[in-house]
Amino acid sequence: MAKSGKNHNAVVLVKRMEKSASEKKVAFMLKCNADPDLKDFEEKKRIALHALKICKGNITNACLMINLSRKMFHNYMTDDADFKEMVSDIRFTITDGVVDKLLLNCEAGKETSIIYYLNCQGKHLGYGNNVNIDHTTKGDSLNKALKNMTDEELEQKLKELNAKMK
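Residue 406 is where the sequence shown starts when you use my numbering, and the numbers rise one by one after that.
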């Protein structure tokens, strides 16, 4: 008797899971069809784009969510310029959200976020990890300046540079 009770519980659990999955699919489709940005796309592409939004721009996860191959997704992008542009827009929107979070962290005084922001966006102000050294002479390359020197001038310049290194 206990055995059949366990089986009954398992059957009930499976039915609940199926109902839950079915309800989730219906909710997904309702949201997908209600999205004004996607209204002009055929259903299969609208579903793919909606999944991409839910998966925050991650194509692999979006494809897994809707059981679509990555190859088919990329075919949509290759064959449909509007689809490709919408993928770009979705990813850009995600990036904007991340930038907003970064700026909130900066405003909250989080040093790591401030340093990251300055390394990326403050290079023209002298911030950043890379040091750019201008190896030119008044806008002309050093090679151009050396080309105009005589052999004697080059030897003299070489002696001066060697002396500085000692």
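No residue lacks a Cβ here, since even glycine has one placed at the ideal position from N, Cα and C.
Nothing here was measured: the structure is a model prediction, and the numbers come from that model.
According to DSSP, is cysteine 460 part of a helix, a strand, or is it coil? Looking up residue 460 in the sequence shown gives position 55. Three-state DSSP puts cysteine 460 in coil, outside helix and strand.
Straight-line Cα distance separating isoleucine 495 from glycine 514: Position 109 of the sequence shown holds residue 514. Position 90 of the sequence shown holds residue 495. Whole-angstrom Cα-Cα distance: 29 Å.
Neighbour-count burial assignment, threonine 555, 16 or more Cβ in a 10 Å radius: Along the sequence shown, read from residue 1 onward, the residue named residue 555 stands at position 150. Threonine 555 comes out exposed.
On the three-state DSSP scale, how would you describe leucine 551? As a first step, residue 551 is located in the sequence shown; it is residue number 146 there, counting from the start. Note: leucine 551 maps to helix in three-state DSSP.
Let me know if leucine 509 comes out buried or exposed under the rule of 16 or more other beta-carbons within 10 Å of its beta-carbon. Position 104 of the sequence shown, counted from the first residue, corresponds to residue 509. With fewer than 16 other Cβ atoms within 10 Å, it is exposed.
Residue range of the unbroken alpha helix (DSSP H) whose run includes phenylalanine 488: Taking the sequence shown and counting its residues from 1, the one referred to as residue 488 is at position 83. Segment 486 to 512, the alpha helix (DSSP H) holding phenylalanine 488.
Taking 8 Å as the threshold (C-beta atoms), are isoleucine 471 and isoleucine 452 in contact? Stepping through the sequence shown from its first residue, residue 452 is reached at position 47. Stepping through the sequence shown from its first residue, residue 471 is reached at position 66. With contacts defined as CB atoms closer than 8 Å, isoleucine 452 and isoleucine 471 qualify as a contacting pair.
Could you compute how far the alpha carbon of phenylalanine 488 sits from the alpha carbon of leucine 507? In the sequence shown, the residue the question calls residue 488 occupies position 83. In the sequence shown, the residue the question calls residue 507 occupies position 102. Roughly 29 Å separates the two Cα atoms.
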